[in-house]
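147 is the number of the first residue of the sequence shown in our numbering; add one for each residue after it.
Glycine residues also receive a C-beta, built at the ideal position from the N, C-alpha and C atoms.
Nothing here was measured: the structure is a model prediction, and the numbers come from that model.
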Amino acid sequence: MTRRKTPSAQESRIPPLNALKAFEAAARRLNITRAAEELSVTPGAVSQQIRILEEHAGAPLFHREGRQIALTELGAELYPLLRDGFDYLKRAGDLLYRPERRHALSISVPPSFAAKWLAPRIARFSAAHPEIEVWMSADMRLADFSGGRVDVAVRYGRGDYSGVRSEYLLNADVTPVCAPSLMAGSRPLRKAADLAQHVLIHLRPSELEEPRPDWGAWLKARGLSDIDVQAGPRFDQTALAIEAAAHGQGVALAPYAFVADDLAAGRLVAPFADGALTTDFAYHVLIKRSGATAAARTFVTWLKDEVRAAAEAGVDDL
C-alpha cells in the first residue's frame, strides 16, 4: 500500500493574508482596478499579490483577456471559501468591539407598541444613555426573564403577572380615528350614526393578548345597534389597522397614545369629541422581582418619565 505523503511545513502553510485579500477583492469585482481602489493600493500591487497566490497554488486563478478577467476553475472553487472566511473574520471583529453584555439591555414589547409608541422615542434614551445598548424585540408571548433573555418587557393586560414586578405604564382606552378625507365629501363623518356609511376597520383578537375593545362594544356604549360590525377588513396588529385608516381605507379604533403623533401631524383625525371607550386593560412594564440590572431600572425610569411628559403635554391620555 502506498502511503500518502505528509505535507511539509512549506506545503501546509497558510498563504500570505495580503495575497488572499487581493484575490478575494478581485474575484468579487472581477476587476483589478476596482479591487485596488477598495484596498487603497495600486493595480500593480493587486496583480503582484495574485501572482504570489498563484505561485502557492501552482496554477492560474484568473483567465486574462486584455483588461477583462474571469475566474479559472480553481479560482471559482477558492473564492467562496475566502469570501465566507473574511465574513467570519469581520463578524469576529464586531463581536470583539461590541459593548460588553453588562451594558446591553434586552427589551420585549408588543409589535404595535414598538411601532407606534416606543420606536419614535427610543433615540432619546440612547442619546441620554449611550453606555446602554438596547436590543428590542417585538413579541406578545410571555416574556422569558430567565438567563438574561429579557431584561424589561411591556405587556397589555391587567398587570397581574406572576413572578415579575409589574407597574402600570400607559392607558389603553381607544377612540375612532380616520383620514381627514373621511370628514368631508358626499358622506361626511359627523356623528356616530354616520359610521353606517363607512368601512369599519377591525382588530382580530389574538390568543396571546387580552381582548381589546371592539366596534360592537363602542357602538353599544352609544346606543347604536343597527350598524353591521361584521363587515370590514381585519388586522392582527393595531399598528396595521392605524395605517389602513391613515390611508383612507376606513375608521379604526386605536389607543390615543398610539395615534397622538399622527393626529398632531394631521395624518389622522379623531372625528368624535366623546369618542373614548375605556377598558380594564392597560400597558404595564415588567422587570424581575429581584436582580434586575441597573440598565433595566434606568430604562423603566426613562419609560415612566416619557409617559409623564406626554401626559403633561396632553398627547397620551384621552
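Please report the residue range of the beta strand (DSSP E) in which residue i lies.
i: K434; result: A428 to K434
i: Y302; result: V298 to G303
On the DSSP bridge list, what partners appear for residue i?
i: W281; result: S252
i: G231; result: Paired residue(s): none; G231 is not in a bridge.
i: P276; result: Its beta-bridge partners do not exist; DSSP assigns none.
i: P322; result: L399
i: R380; result: H348
i: R295; result: Paired residue(s): none; R295 is not in a bridge.
i: V415; result: C324
Indicate the three-state DSSP secondary structure (helix, strand or coil) for residue i in the structure shown.
i: L317; result: It should be noted that the sequence gives Asn, not Leu, for residue 317. Strand at N317.
i: A330; result: coil
i: I215; result: strand
i: R175; result: helix
i: I196; result: helix
i: R180; result: helix
i: R210; result: strand
i: R311; result: strand
i: R287; result: coil
i: P189; result: helix
i: S258; result: helix
i: Q156; result: Low confidence applies here, because Q156 scores a pLDDT of 46, under 50, leaving its location unreliable and the question unanswered by this model.
i: I268; result: helix
i: L163; result: helix
i: D372; result: coil
Might you give, ordered along the chain, the residues of its own chain that have their beta carbon closer than 8 Å to the beta carbon of residue i, omitting 5 neighbours on each side?
i: N177; result: I215
i: E356; result: Y302, G303, R304 and F427
Starting from residue i, follow the alpha helix (DSSP H) in both directions and report where the run begins and ends.
i: V405; result: Y402 to A410
i: A419; result: Premise fails: A419 is in no alpha helix (DSSP H) and is neither H nor E.
i: V453; result: A440 to E458
i: W364; result: W361 to K366
Within the same chain, show all residues whose beta-carbon is closer than 7 Å to that of residue i, passing over the 5 residues directly before and after it, in chain order.
i: M329; result: L335, V415 and P417
Below 8 Å on the Cβ atoms is my guess for residue i versus residue j; work out the distance and round it to an integer in Å.
i: S327; j: G239; result: S327 to G239, Cβ: 52 Å. No contact.
i: T425; j: D360; result: Not quite, the Cβ-Cβ distance comes to about 10 Å (not below 8 Å), so this is no contact.
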